[in-house]
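**Q** So that we are looking at the same thing, I have put the structure below in structure tokens.
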Amino acid sequence: AQSVAQPEDQVNVAEGNPLTVKCTYSVSGNPYLFWYVQYPNRGLQFLLKYITGDNLVKGSYGFEAEFNKSQTSFHLKKPSALVSDSALYFCAVRDTVDSGNTPLVFGKGTRLSVIA
Amino acid sequence: DAGITQSPRHKVTETGTPVTLRCHQTENHRYMYWYRQDPGHGLRLIHYSYGVKDTDKGEVSDGYSVSRSKTEDFLLTLESATSSQTSVYFCAIGRAGTYNEQFFGPGTRLTVL
């Protein structure tokens, strides 16, 4: 069965500094990987996904993520954090060996706080 | 937001009462999902549907049932609500051809007293 771990409940970073939110995964085959962001009192919004190809994936709002198969990781990054990036971030995975309707499995979330 | 609405957006109810939450989508997507979000647990899948009258259980399905009689509506029912079902409930759709990239509704905050 697939699983996702987000090892940090909370990440604090100063505005203008680079940020990293960590995610590791476990699947039987190959992964489809996703990042979502949730702002207060809102639903989850899709940020980016890795399906195949280039290990560096670029997404919305200047975010990017790097797929590392040997470390089974998919860390979310941004070169320069903004206060408006403060939110809850979720990593999700689906195994490519599963059928098309298999739901995503989500991590427990990491709260990012960007301090001015 | 992929045309997803949830109703009600907020509900307070008492233990033992039945509750139905509605998810409505306007884009004719085949796959729909119900999740609950709780602090320290992230998002957990309750039930999902891959077509009209086709549903399956998720990780935390006990105490919940679902129905999907038409493509656009996916109903989640708590037959007899308990305080442990106090949570925020999210509906999502899965877009075919996008490796099941999921899009979420705005959520329903349910409080069971």
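Chain order of the listed sequences is U and E.
With our numbering applied, the first sequence covers 15 to 130.
With our numbering applied, the second sequence covers 3 to 115.
By construction, the Cβ of each residue, glycine as well, lies at the ideal position given by its N, Cα and C atoms.
Bear in mind that the values here come from a model prediction, so they are computed numbers and not experimental data.
Which value, in whole angstroms, describes the spacing of the CA atoms of tyrosine 142/U and threonine 22/E?
**A** This structure cannot settle anything about residue 142/U, because the visible part of chain U is limited to 15 through 130.
**Q** What residues of chain U sit near proline 108/E, judged by a beta carbon separation below 8 angstroms?
**A** The answer, in chain order, is Arg56 and Gly57.
**Q** When burial is assigned at 16 or more other CB atoms within 10 Å of the CB, is glutamate 120/E buried or exposed?
**A** No information on residue 120/E is available, as it lies outside the stretch 3 to 115 that chain E covers here.
**Q** Can you give me the start and stop residues for the beta strand (DSSP E) that proline 45/U sits inside?
**A** Run containing proline 45/U: 45-52, per the beta strand (DSSP E) assignment.
**Q** In the DSSP assignment, find the beta strand (DSSP E) that holds lysine 91/U and state where it starts and stops.
**A** First-last of the beta strand (DSSP E) with lysine 91/U: 87-92.
**Q** Starting from aspartate 64/E, trace the beta strand (DSSP E) in both directions and tell me its first and last residue.
**A** Here aspartate 64/E belongs to no beta strand (DSSP E), and DSSP marks it neither H nor E.
**Q** Can you tell me whether serine 84/U is helix, strand or coil according to DSSP?
**A** Correct three-state label for serine 84/U: coil.
**Q** I'd like to know if lysine 63/U contacts chain E, where contact means its C-beta is closer than 9 angstroms to some C-beta of that chain.
**A** So, interface residue.
**Q** Smallest Cα separation from aspartate 23/U: which of Ile129/U, Gly121/U and Ala130/U?
**A** Checked all of Ile129/U, Gly121/U and Ala130/U; the closest Cα to aspartate 23/U is Gly121/U.
**Q** At least one CB of chain U closer than 9 angstroms to the CB of arginine 24/E: is that the case?
**A** It does not; no Cβ of chain U falls within 9 angstroms.
**Q** Any beta-carbon of chain E closer than 9 angstroms to the one on glycine 43/U?
**A** No, glycine 43/U lies away from the interface with chain E (no Cβ there is under 9 angstroms from its Cβ).
**Q** With a cut-off of 9 angstroms, does the C-beta of histidine 43/E fall near any C-beta of chain B?
**A** Here chain B cannot be found, since the structure's protein chains are U and E.
**Q** Sort out for me which residues DSSP pairs lysine 72/E with in a bridge.
**A** Answer by DSSP bridge pairing, in chain order: Asp75/E.
**Q** Buried or exposed, going by whether 16 or more other CB atoms sit within 10 Å of the CB of lysine 92/U?
**A** Lysine 92/U should be labelled buried.
**Q** Here's the rule I'm using: 16 or more other beta-carbon atoms within 10 Å means buried, otherwise exposed. How should proline 21/U be labelled?
**A** Flag for proline 21/U reads exposed.
**Q** Which of the three DSSP states, helix, strand or coil, is assigned to valine 97/U?
**A** Three-state DSSP puts valine 97/U in a helix.
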